[in-house]
Structure formats: C-alpha cells, structure tokens
Ligand code: FAD
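Numbering (this note's numbering), first residue to last: 2 to 542.
And the structure:
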C-alpha cells in the first residue's frame with residue numbers, strides 16, 4: 002500500500018457513493034435516497050458547502066443573483082429561505098447550504114474530513130471500491146463524482162515560496178479562523194474572479210497592498226444591494242415561472258432577457274446607450290447579453306471590449322496604472338467575466354500598488370517578500386488568488402481506474418472525453434456531475450447541477466425498473482459528442498483565449514475547451530432526446 006492509501010481499517014458497502022458535499026453532492030444524496038438506495042457521501046472538508054465552505058476569503062460573493070443561485074427542487078425550500086442581498090456573500094450561501102443539509106437530514110450519510118484517494122471498478126462485483134486517506138473504504142454499485150469543477154486549488158510553483166516567513170493563503174483554501182490583515186503589508190497574486198473580489202476588501206484594512214498581475218481581466222460592476230422585502234416576495238410569487246424562463250436562456254439566468262438583435266443592427270449611439278444602461282444595471286450576465294453575436298463576432302465583441310476599456314480609463318486616475326489594468330489579449334467574455342465592487346477604483350488609493358509580472362516577472366519569494374525583475378517588495382502576508390485545475394483536476398485526483406484497470410489519467414491524456422459530460426466510456430456506473438463537455442461552468446451552476454443530478458437519478462431509477470446493473474457510454478457516441486462540443490466551441494471566440502476554460506493556467510494540461518457552449522436549452526433537449534430514445538449512446542445491461 003502506498004502512503005496515500007492506508008490499509009483499509011473499515012469497509013462500508015452501500016448502493017451509491019457520492020464524492021463531495023457541495024450543491025451537487027447534497028442534491029445527489031437527496032435524490033438517490035428517494036429511490037430507496039443506501040447512500041454514503043465522502044467529503045474532504047469538515048463541513049458541507051463545497052466551494053462555499055472553502056472560499057471564505059474576504060469579499061467572496063456569487064455572481065448569479067441569489068434568488069436564482071439556489072435549488073429549485075423544493076417549492077417549500079425556495080419559499081421559506083430569505084436572501085438579504087441581490088448577490089449573496091459566501092457566508093450567506095454557506096448558511097443556506099447548511100440549512101438545506103439540516104432540512105433534508107443529509108448529514109447522517111456524510112463522512113467529513115475524508116479524501117478519496119483512489120477508485121477501482123470491479124468487473125465481477127459490477128461496482129466500485131473507493132479508498133480514502135483515513136483508511137475508510139467504500140464499496141458501491143454506483144459512483145457519483147460530485148467533486149466540483151473548481152475545487153482543486155492551484156498555487157503556482159514560484160521559486161523560494163517555502164522561504165517566506167509570514168502566512169500564506171490560497172483564496173480557495175481560506176482558513177476557518179478569521180484572518181486579521183489590519184495594518185499589514187499584503188501581496189495578492191492573481192487578478193481573476195477571486196483576486197478582483199479580494200483586492201478591494203484587503204485594501205480596506207491593510208497598510209499596503211501589492212497586487213501581482215499576470216493578465217488583466219475585464220470586470221464589470223456588480224451593483225450589489227440589499228434585496229427589498231417586497232421585491233423578494235413578488236419574485237417568489239412567480240418562482241416557478243422565473244425558473245422556467247431562466248432555463249430557456251443559454252446561461253440559465255434571467256439576466257435582462259434573451260438577446261434578439263445582432264450588434265451592428267443598431268447604430269453606435271444606440272449601442273453605447275445600451276452598454277451604459279447595462280453597466281449601470283450591473284452584473285456580468287446583463288453586460289454580456291445585449292446582442293446575439295458578442296461572443297461569436299470579433300468586431301461586435303470589440304465594441305463592448307472598447308466600451309469597458311473606456312470605463313477603466315475613466316475610473317483609474319493614473320494613466321499608467323489604467324493602461325496596465327486594460328485587457329488587450331482576449332475578447333471580452335472569453336475568459337470568465339469578473340464582477341466587482343469598487344475594483345478599479347481601489348487602484349486610486351495611495352497604498353495600493355500594481356505590479357505587472359509580465360513586464361517584471363517574479364524572480365523569487367524571499368523570507369520577507371517578493372522579488373521581481375524590477376525590485377523587492379517587503380510583505381507580511383501572501384494571498385494566492387491563482388485559481389484552480391478546473392473541471393478535470395478533482396476527477397483525475399481520485400485516480401479512477403475502470404475496465405481492465407484503465408486509468409482515467411491515461412484515457413484523458415490528450416484531453417477529457419465524456420459522453421454528455423456525464424459518463425466516460427470504460428468507467429461503468431461512474432456518473433460525473435457537471436463534467437467536461439456539459440454546460441457546467443458556463444452559466445448558473447446550481448441550475449446545471451440540478452439538471453445533471455436529475456438525469457442521473459432518473460437513469461438509476463430506469464435501471465432499477467428494468468433490472469439492469471451496468472451502465473457505460475458507447476465510445477462512438479462519446480466521440481461524436483466530444484466532436485460536437487469542439488465544433489460548437491470553435492464557432493465562438495471562446496477557444497481563442499488562454500483561459501482556464503482551455504486549461505491554459507495549468508502547465509502541461511492539454512488544450513481542450515472544457516465546457517459545452519451550445520447553451521443550456523440545447524444541452525437539456527439533447528439529454529431529453531437521449532432518454533426518449535431509450536438512453537441512446539449508453540450501453541445498459
Ligand atoms: P463544489 O462546491 O466544488 O464541491 C465539491 C466538493 O467535493 C468539495 O467540497 C471538495 O472538498 C469535495 N471533494 C473533491 N474531491 C474530493 C475527494 N477526492 N475526496 C473527498 N472530497 C472531495 N458558480 C456559479 O454558477 N456562479 C457563481 O457566481 C460562482 N462563483 C464562484 C466563485 C468561486 C470563488 C468559486 C470557486 C466557484 C464559483 N462558482 C460559481 C462555481 C461553484 O463551484 C458552483 O456554483 C457550485 O458551488 C459547485 O458545486 P459542486 O457541489 O458541484 O462542487
């Protein structure tokens with residue numbers, strides 16, 4: 002036994018093992034239990050919440066409106082829960098998830114503080130055996146990977162990092178205990194979605210903030226605000242209709258409605274008025290969706306990109322800093338469009354400094370700070386907001402081995418292959434929630450999670466009804482789906498950007514566009530057709 006796979010001290014046998022107790026894992030427990038299955042969930046964290054447990058960093062907040070970023074499966078739940086803000090903060094979402102866990106009595110089937118280190122398919126038993134870092138082993142017919150798309154935090158390999166004598170935090174592994182940055186000199190590395198949320202909050206309390214930026218990202222104002230009681234009550238009166246309308250949009254969100262016109266069907270003055278109105282409304286979903294072709298047509302995209310660049314120039318007083326903050330290497334929206342509260346304005350404060358590490362690369366971390374080509378920055382604390390090994394990272398970390406001992410890492414060496422992003426040929430009875438080749442990170446994820454878990458539970462119910470015990474993907478159907486995912490992405494501007502959507506943030510990761518960008522309605526219809534045709538593309542026996 003290798004050190005990461007201690008000899009099993011306890012083996013538990015259930016019908017379905019679920020890995021992860023975030024939005025996906027919790028709903029999977031609930032649905033699978035509802036089918037009469039014995040379910041066990043394994044979670045590395047000491048509590049439920051997933052993303053919203055781990056990301057306790059200052060300023061952590063959801064970019065989807067709170068009334069939409071929530072479960073829809075229970076009318077009672079969505080009526081009884083009250084959100085306090087337009088976009089919920091991490092503590093509030095965590096409270097909500099804890100409430101869901103209590104309300105549906107989910108904790109009794111979750112083992113916390115336990116990480117799955119390997120998963121083996123056993124042909125004779127037609128099921129899986131999972132090993133963990135605590136010695137617990139679990140045998141189950143079905144293995145549901147609800148391990149998250151953004152749960153494998155990544156800290157870049159900066160020389161000398163171990164020498165730093167102060168504390169070092171990653172946004173995605175923020176400590177449970179409050180971190181006091183009052184009066185300290187804080188270095189923040191990374192200006193993606195998390196960095197953009199953290200930086201203004203850190204600047205409020207720190208003596209000095211040094212931001213190390215590799216790539217400037219586009220960010221739009223969230224315009225977060227308290228949710229008025231009457232506004233919330235009105236929304237809840239028509240909750241089902243709002244959910245149904247959101248499901249018809251490509252990103253699973255209501256936004257300001259589904260666009261109908263191409264960009265150049267209106268003149269420039271009209272276009273700028275529209276962009277301005279949406280900028281004032283706030284939220285990435287609103288800013289990105291006024292026209293149909295913003296993510297497919299370069300010239301159309303540039304009109305919006307230029308509009309936001311103008312906003313950066315108008316906000317940041319120092320022209321040189323504004324220039325450094327201005328994205329020019331990707332089309333707006335082709336990397337995750339960030340949403341902020343006062344991000345650009347933060348750079349007008351005298352104690353906030355921006356270091357462009359493209360021009361002045363980090364040479365090393367020393368005991369007292371960071372040395373770049375242009376000099377040394379004395380720092381008390383380092384905050385890494387350097388993102389995740391997205392989508393495939395958590396799956397590969399479980400070292401799954403399917404039929405004939407096939408390693409998932411070998412099968413996916415050239416990039417992930419999964420049928421509908423849900424199953425991968427050669428790994429029977431393994432279901433992936435929001436896997437590669439499904440809409441996953443391209444939209445309201447709670448919506449996509451519910452759709453996937455419903456698909457999985459309905460599939461298991463079908464197998465029970467038909468007395469079937471094995472499910473696999475047809476490799477040809479899988480290839481066709483992966484090809485379709487690629488073709489659809491290639492019709493857009495998305496693959497042009499060096500984003501985490503293509504794994505560009507992870508050295509050596511194969512460049513494959515990970516999510517399906519054909520839109521949530523098209524994806525759902527495909528799933529429905531697959532089921533209507535007797536689970537077309539699946540092999541059931
Ligand atoms: P997660 O919440 O990631 O949960 C997966 C769980 O699996 C984790 O708790 C992890 O510990 C556990 N796990 C993983 N591997 C193992 C293992 N080997 N053994 C045991 N346990 C394991 N989505 C949106 O739609 N809108 C947003 O605005 C938005 N904002 C986000 C902001 C941040 C900072 C981050 C990181 C993500 C954001 N997301 C957002 C995406 C978010 O991850 C999803 O919305 C959603 O929370 C995912 O739920 P999940 O249950 O699928 O995965």
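Using N, Cα and C, we set each Cβ at its ideal position, and we do this for glycine too.
None of these values were measured; they are calculated from a predicted model.
Within the same chain, and ignoring the five residues on either side of residue 121 in sequence, the residues whose Cβ sits closer than 6 angstroms to its Cβ are 130, 402.
About 6 angstroms separates the CB atoms of residue 18 and residue 144; that is less than 8 angstroms, so the two are in contact. Note that the C-beta distance between residue 472 and residue 539 is below 8 angstroms.
A contact is defined here as three or more CB-CB pairs under 8 angstroms, and the segment 400-414 fails this definition with respect to the segment 457-465.
According to the DSSP assignment, residue 318 belongs to no beta strand (DSSP E), since it is labelled neither H nor E. Residue 192 has its Cβ no nearer than 7 angstroms to any heavy atom of the ligand FAD. Beta bridge pairing from DSSP links residue 42 with 19, 111. The Cβ atoms of residue 355 and residue 209 do not sit closer than 8 angstroms to each other.
By the Cβ neighbour-count rule, residue 270 is exposed, with fewer than 16 other Cβ atoms within 10 Å of its own. Just so you know, the alpha carbons of residue 504 and residue 484 end up roughly 18 angstroms apart. Annotation: the continuous alpha helix (DSSP H) that includes residue 77 extends over 76-81.
A check of alpha carbon separations from residue 72 across 245, 337, 24 identifies 24 as the nearest.
Non-local beta-carbon contacts of residue 164 in its own chain, meaning distances under 7 angstroms to residues more than five positions away in sequence, involve 366, 367, 368 in chain order.
Residue range 194-206 is occupied by the alpha helix (DSSP H) that includes residue 199.
The segment 191-204 makes no contact with the segment 74-84; the number of CB pairs closer than 8 angstroms stays below 3.
The ligand FAD has no heavy atom closer than 7 angstroms to the beta-carbon of residue 385. DSSP links residue 104 through a beta bridge to no other residue.
With fewer than 16 neighbouring CB atoms inside 10 Å of its own CB, residue 508 falls in the exposed class. Counting of Cβ neighbours within 10 angstroms places residue 152 among the buried residues, the total reaching 16 or more. Taking the Cα positions, residue 500 is about 7 angstroms away from residue 506. Considered as a whole, the segment 417-477 harbours 431-433, 472-474 as its complete beta strand (DSSP E) runs of no fewer than 3 residues, in chain order.
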